[in-house]
Amino acid sequence: MKADHLYKKLEASFPFFEVLLDKASDDDLEALGQESGTGLSVDELKRIKLHFDTLGRNPTDVELQSLGQAWSEHCCYKSSKSILRDFVFGIDNSQVIDRGDAGVMEFDEKYAYSLRIESHNHPSAVEPYGGAATGIGGIVRDVLCMGCQPIALIDPLFFGSLDHPHDQIPKGTKHPTYLLSGVVSGIRDYGNRIGIPTVSGGVYFDDSYLGNCLVNVGCVGIAKKEDLYENKVGGVGDNLILVGGFTGRDGIHGVTFASAVLTDKSETESRGAVQLGDPIMKEPLIHAILEVGQKKLITGMKDLGGGGLSCVCGELAFAAGYGVDVHLDRVPTKEEGLLPWEIWVSESQERMMLAVSDDNIDKVMQVFKKYDVPATLMGKVIPEKIARVFFDGTVILEVDLEFLTGGPEYCRPMAHVKPDLKAETKLPVLPSDNVDILLDLLSDANVCSKEWLIRQYDHEVRGSTAIKPLQGDIRHSTHGDASVMKPVADSWRGLAIAVAANPWLTSVDPLKGGKSVMDEMCRNIVAVGGRPHSLSNCLNFGNPEIPERLGEFHQAVKGLGEVAEALDLPIPSGNVSFYNETAMGSILPTVTVMGVGIVPDIRKAITADIKSHGSSIYLIGETKDEMGGSLLYRKYDGFCNNAPDVDIAHLQNSIDKVLAVMDEGHVLACHDISDGGLAVSISEMCIGGGVGADLNIDSDQIASVELYSESNTRWLVEVVRGAETEFEEKMSGMPISKLGTTGGQSLKVSHNGSTLIDIELEKLDKAWRETLWNKMG
Amino acid sequence: MNIEDIKVCVLRIEGTNCEQESFQAFKRLGAQPEIVHLKQFLGQDVTDDEKRSLADYHILMIPGGFSSGDYVRAGAIWAARMKAGLKDDLKAFVNEGKAVLGICNGFQVLVELGLLPGFDEIMADVPQAVLTTNDSSRFECRPTLLKHENKGNCMFTSKIPEGDVLMCPSAHAEGKLIFPSAEVDIAYKKLAEKDMLVFSYVDPDGSYAGYPWNPNGSEKNVAGICNPRGNVFGMMPHPERVMDREMHPDWTRAFPTGLGDGMAIFESVLDEISKRF
Chain A
1 MKADHLYKKL EASFPFFEVL LDKASDDDLE ALGQESGTGL SVDELKRIKL
51 HFDTLGRNPT DVELQSLGQA WSEHCCYKSS KSILRDFVFG IDNSQVIDRG
101 DAGVMEFDEK YAYSLRIESH NHPSAVEPYG GAATGIGGIV RDVLCMGCQP
151 IALIDPLFFG SLDHPHDQIP KGTKHPTYLL SGVVSGIRDY GNRIGIPTVS
201 GGVYFDDSYL GNCLVNVGCV GIAKKEDLYE NKVGGVGDNL ILVGGFTGRD
251 GIHGVTFASA VLTDKSETES RGAVQLGDPI MKEPLIHAIL EVGQKKLITG
301 MKDLGGGGLS CVCGELAFAA GYGVDVHLDR VPTKEEGLLP WEIWVSESQE
351 RMMLAVSDDN IDKVMQVFKK YDVPATLMGK VIPEKIARVF FDGTVILEVD
401 LEFLTGGPEY CRPMAHVKPD LKAETKLPVL PSDNVDILLD LLSDANVCSK
451 EWLIRQYDHE VRGSTAIKPL QGDIRHSTHG DASVMKPVAD SWRGLAIAVA
501 ANPWLTSVDP LKGGKSVMDE MCRNIVAVGG RPHSLSNCLN FGNPEIPERL
551 GEFHQAVKGL GEVAEALDLP IPSGNVSFYN ETAMGSILPT VTVMGVGIVP
601 DIRKAITADI KSHGSSIYLI GETKDEMGGS LLYRKYDGFC NNAPDVDIAH
651 LQNSIDKVLA VMDEGHVLAC HDISDGGLAV SISEMCIGGG VGADLNIDSD
701 QIASVELYSE SNTRWLVEVV RGAETEFEEK MSGMPISKLG TTGGQSLKVS
751 HNGSTLIDIE LEKLDKAWRE TLWNKMG
Chain B
1001 MNIEDIKVCV LRIEGTNCEQ ESFQAFKRLG AQPEIVHLKQ FLGQDVTDDE
1051 KRSLADYHIL MIPGGFSSGD YVRAGAIWAA RMKAGLKDDL KAFVNEGKAV
1101 LGICNGFQVL VELGLLPGFD EIMADVPQAV LTTNDSSRFE CRPTLLKHEN
1151 KGNCMFTSKI PEGDVLMCPS AHAEGKLIFP SAEVDIAYKK LAEKDMLVFS
1201 YVDPDGSYAG YPWNPNGSEK NVAGICNPRG NVFGMMPHPE RVMDREMHPD
1251 WTRAFPTGLG DGMAIFESVL DEISKRF
């Protein structure tokens, strides 16, 4: 290969090289960045060269690889950091306890909860089963290394259309049905085996995800505050003990693979970047970690994720202001003959690094022996802020940790081209009968029942899922807005967990999209009786080196941050995933938010299904003519650049009022209005309860806006018969309208007195329920 | 004896994952549960103060999960490890009339161990039945309704009237109980004669029904059985997940508060043990 001449073999009992940066031309450097798999740019390599010039030597191959990991987009957020700093990093309040691999928030006086969501997109696009499974493994470790017991998994997934013709699938790409099936199996087999319930998520379909599906994985955990740990060592002299699975050639260059666009060769070239999962190593690892944590046998810990040992060793020590000596030859490997740099950067799964004082080494080893989990003493914390790695007695890496972890930061050029104000509005071509429209929307893959996958996930292992992802009469349950966990045995306090994402709206108007995703997350949590408390986000975008893409990112993050800041909702953890694009183009800008809310007493939680006959249905909020990005327009080929906006003060006020009226006991059911608008929302409520409704909307707006607009900050509520006056008084000052009553076995919706929809529940149920079963079997 | 003195062993190995809620079920009723790793009985890789003896407990519970990954037939690896190191202790435990409960993966382990159905002896050398892959070939997590069929033999349902229907969720991929084809008729005859049938899957109207109310395709809708003495009991659904009404899938529809349907099973066995010992 072109850069081979830059490698000079060094004296050692194993393959070990000096990288001759001092003799490299720009062309050489470019080739080196690509061929080494580090993805380092010419400028970055020059910066590395300058640093080593001051030391009077060239880097070794191990050092170069280490820098490639640490300076990857995935690890150091070089393109996004300045934007995140402007809009989200500063949001803080007294409820934030820690911002480590997972964020940690106050739950009550005694307990804390932790949360994080991240992406595992590229591995899942290449190998859906393993990619998704190890995504779960990784996010669980993030929560675990804060000292928390994982209690819930959350998986928003994005694929190309399931109906895409097989013969039109681009080269190197797998069909969405294969990907969906593989991803769901991966989550199921890993999540169910480690015994953590999968309680929330979402599946979204759009052909922009055809070549690059998105698999976002979230986890929430709980711990007594006294059992929390930080991701740093206790002090000089602490020992580093590597625990968990063996290290192998799986997961090499995972972070650099995640930091480049996918190509038709990714399948063959990057297959080795996908890790292999072993849930039956993870399950006892969870127990052993929590046991040594609760027995106070460790001083800190961190999980091995992106970059493997090369990231964890330095970061764990440097976070406390120290450095490390590491003996890489002690690492147990899956096979013979791994090169030192491979061991150093491998992202093999189920591994954690513990910091342990001399006194406790034996006790820690004993615990891991009991659980049959390998544990290896492999390093020591030193006062100098350097990482020094030994292999068979030879120093193969010695780098300044400030340099290693101080990756580049870019203010790349951006262009704001959306909303496209010049784009002409194109009205959708609608079927004349609203019943046909409603059935089309209900059976759309983005709306239809996700029972096919929800029931493959164990959503109630651990016995603490009080509000489940499927709600209502057990004969015909419906989607809920959020799940509610009861994490502490002797307390009724709960955690509501919800996901929100609307890539279509974000695509039309990234700023409003960022805000709308926050609004949706809040609506979902409020709908079950929770007060939004914190969130974690996963920002999935295309190539940030393209100004339009980075512009979308900037605007979406700005919108998200504006709402979060105004509502005092901290974002103690998050993840950015760039380069989600292929030769066919970028994915839609996809902001995924995992929100967590506090439910003061789960016995007051509310579900979406209609509960009784003769109660009243109210609409809370205003329906506006802002159809940009709506399901109706997408389905019937319309376009409009006016996407739903968020009135943040109104959102705050609505949250307070809705929660107050729920607390009074006047609300029997509540469902937010999102994809497909009011018509879809009321249908789902009726389906879940097996009870119909008769509604009339009085308004000056056209019916298609009233029925299908996706305006923000709206809910439908079922109010106890006889409590209407109290409800209206309590909601005074809010835009509410009584739409009608529940009852019967059909849904009837009129507009200014003329009937638009009149259909039996059975037909609604069938349209909504069967799509995914028919497509996936 | 008093319930406070009843010692419950909630046994685990790698891949067991329902031990915490199982522990909690016994604890909230006042008994003394303890989560014990199989290696603590076998004396492997544990300190002296971690060693335990099965004889010190009154109830042995094998909880749900994917023991050793269940990469071969569910429960087979765990059963083999127990048989190898604990066979005599187990036989003595059952022979003394102490109680053994297996839920989900635990039920699979009891069948693989030969403790269930245990038609003619405490522990058969070769499994007499098998819990095989669901008819749907999928993992099924869904609410299931269980009709209590036992006429008084089973220690774990003594407080539940015959004919009552309980809501206990199912979550498994291998829950279809089948017997060797040559012995099917005689097996069901024995189950009936010896009052070993405990729970059957029914639909919301209380009738025997097919999928999805029977989530696995189990012959004759069998969800749980006990041994002829009534002191070894296994079931696929999870009573430990519905100790509170608020853990039922549809509790918000009726505003009830209080106990969940699963509690009666744990109350029954604690009551029986307290009467007998």
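Line order of the protein sequences matches chains A and B. The opening position of the first sequence corresponds to residue 1 in this note's numbering, with each subsequent residue numbered one higher. The opening position of the second sequence corresponds to residue 1001 in this note's numbering, with each subsequent residue numbered one higher. Ideal Cβ positions, reconstructed from N, Cα and C, are used throughout, including at glycine. Model, not experiment: these values are computed from the prediction.
query: Given that H1058/B touches chain A, what residues does it touch there, using C-beta distances under 8 Å?
result: None at all; the shortest Cβ gap to chain A is about 23 Å.
- request: Please compile the residues from chain A whose C-beta is within a distance smaller than 9 Å of the C-beta of V1046/B.
  value: Against chain A, a Cβ distance below 9 Å from V1046/B picks out Q366, K369, K370.
- prompt: Helix, strand or coil: which one does DSSP assign to T405/A?
  reply: DSSP places T405/A in helix when its eight states are reduced to three.
message: Quick check: G160/A and Y209/A, are their CB atoms within less than 8 Å of each other?
response: In contact: G160/A and Y209/A (Cβ atoms closer than 8 Å).
query: Pick from L285/A, G33/A, R388/A: whose alpha carbon is nearest that of E44/A?
result: Nearest C-alpha to E44/A among L285/A, G33/A, R388/A: G33/A.
Selected residue, minimal CA-CA separation from L632/A, among L297/A, N446/A, N121/A: Checked all of L297/A, N446/A, N121/A; the closest Cα to L632/A is N446/A.
message: List, in chain order, every chain D residue whose beta-carbon is nearer than 7 Å to that of H459/A.
response: Structure shown: chain D not included; protein chains present are A and B.
- prompt: Expressed to the nearest angstrom, what Euclidean distance is found between the alpha-carbon atoms of A31/A and E73/A?
  reply: Answer to the nearest angstrom: the Cα atoms are 19 Å apart.
query: Near S13/A, what residues of its chain come up, given a Cβ to Cβ distance below 6 Å and the 5 sequence neighbours on each side ignored?
result: For S13/A, where only same-chain residues beyond five positions count, the Cβ hits under 6 Å are D392.
- prompt: Counting along the chain, where does the alpha helix (DSSP H) carrying R493/A start and finish?
  reply: Premise fails: R493/A is in no alpha helix (DSSP H) and is neither H nor E.
Under 8 Å from the C-beta of K468/A: neighbouring residues of chain B: Chain B residues near K468/A: P1249.
message: Within 10 Å of its beta-carbon, does G1114/B have 16 or more other beta-carbons around it, so buried, or fewer, so exposed?
response: Of the other Cβ atoms in all chains shown, 16 or more fall within 10 Å of the Cβ of G1114/B; this residue is therefore buried.
message: Quick test of your reading: A387/A and V324/A, contact by CB under 8 Å. State the CB separation rounded to the nearest angstrom.
response: Contact between A387/A and V324/A is confirmed by a C-beta separation of about 5 Å, below the 8 Å threshold.
task: Name, please, each residue of chain A whose Cβ falls closer than 7 Å to the Cβ of K1189/B.
output: Those within 7 Å of K1189/B in chain A number zero; the least Cβ separation is about 33 Å.
task: Answer yes if the region 671-681 of chain A comes into contact with the region 696-710 of chain A, meaning at least three C-beta pairs across the two stretches below 8 Å, and no otherwise.
output: With a cut-off of 8 Å, the region 671-681 of chain A and the region 696-710 of chain A count as touching, because enough Cβ pairs lie within range.
- prompt: By Cβ distance, which residues of its chain are closer than 6 Å to N434/A, with the 5 residues on each side in sequence left out?
  reply: Closer than 6 Å at the Cβ level, and outside the excluded window around N434/A, lie L756, I757.
- prompt: Listing by chain order, which chain A residues have their CB less than 7 Å from the CB of Q1024/B?
  reply: By Cβ distance, chain A contributes A489.
message: Assuming contact is defined by CB atoms lying nearer than 8 Å, are T376/A and L242/A in contact in what I supplied?
response: Yes, the pair counts as a contact, with Cβ atoms nearer than the cut-off.
- prompt: Measuring CA to CA, which of S732/A, E562/A, V488/A is closest to I620/A?
  reply: For I620/A, the closest C-alpha among the options S732/A, E562/A, V488/A is that of S732/A.
- request: Put F257/A into one of helix, strand or coil per three-state DSSP.
  value: In the structure shown, F257/A sits in a helix (DSSP, three-state: H, G or I).
message: Less than 8 Å between the beta carbons of S66/A and S310/A, yes or no?
response: For the pair S66/A and S310/A, the CB atoms are nearer than the 8 Å cut-off.
query: If you drop the 5 nearest sequence neighbours on each side, which residues of the same chain put their C-beta closer than 7 Å to that of E760/A?
result: Here the set comprises Q745, S746.
query: Where in the region 297-337 of chain A do unbroken runs of the alpha helix (DSSP H), each at least 4 residues long, occur, reported from the N-terminal end onward?
result: With a minimum length of 4 residues, the continuous alpha helix (DSSP H) runs that stay inside the region 297-337 of chain A are 309-318.
- prompt: From G779/A to D1244/B, what does the alpha carbon distance come to, in whole angstroms?
  reply: Since the first residue of chain A shown is 1 and the last is 777, residue 779/A is not available in this structure.
Runs of alpha helix (DSSP H) lying entirely within the region 91-149 of chain A, each at least 4 residues, in chain order: Here the runs fully enclosed are 121-126, 128-144.
- prompt: Residues of chain A with a CB under 9 Å from the CB of P1357/B: which are they?
  reply: Residue 1357/B falls outside the range modelled here, since chain B spans only 1001 to 1277, and no answer is possible.
Best match in D1185/B, F1233/B, A1084/B for proximity to I1059/B [C-alpha to C-alpha]: Put simply, of D1185/B, F1233/B, A1084/B the residue whose alpha carbon is nearest the alpha carbon of I1059/B is F1233/B.
Proximity to L338/A [Cα-Cα], best of I602/A, I252/A, F257/A: Considering only alpha carbons, the answer is I252/A.
message: Let's see if you can read the secondary structure: which residues bound the beta strand (DSSP E) around C1168/B?
response: Where C1168/B is concerned, the enclosing beta strand (DSSP E) stretches over 1165-1172.
Bounding residues of the beta strand (DSSP E) (the contiguous stretch that carries R1142/B): For R1142/B, the enclosing beta strand (DSSP E) stretches over residues 1140-1148.
Cβ-based contacts, 8 Å cut-off: residues of the region 600-622 of chain A near chain B: Of all residues in the region 600-622 of chain A, I602, R603, A605, I606, T607, D609, K611 have a Cβ within less than 8 Å of some Cβ in chain B.
task: Return yes when the Cβ of M1061/B is within less than 8 Å of the Cβ of V1111/B, no when it is not.
output: No. Outside cutoff.
field: Short-range partners of chain B found in the region 9-34 of chain A, where Cβ spacing is below 8 Å
entry: The region 9-34 of chain A vs chain B, Cβ under 8 Å: nothing.
field: Contacts of R455/A in chain B (Cβ-Cβ under 7 Å)
entry: Near R455/A (Cβ distances below 7 Å), the residues of chain B are E1140, C1141, R1142.
query: Ends of the beta strand (DSSP E) at K380/A?
result: Per DSSP, K380/A belongs to the beta strand (DSSP E) from 375-382.
message: Could you check whether the Cβ of T1252/B sits closer than 8 Å to any Cβ belonging to chain A?
response: Yes - at least one Cβ of chain A is within 8 Å of the one on T1252/B.
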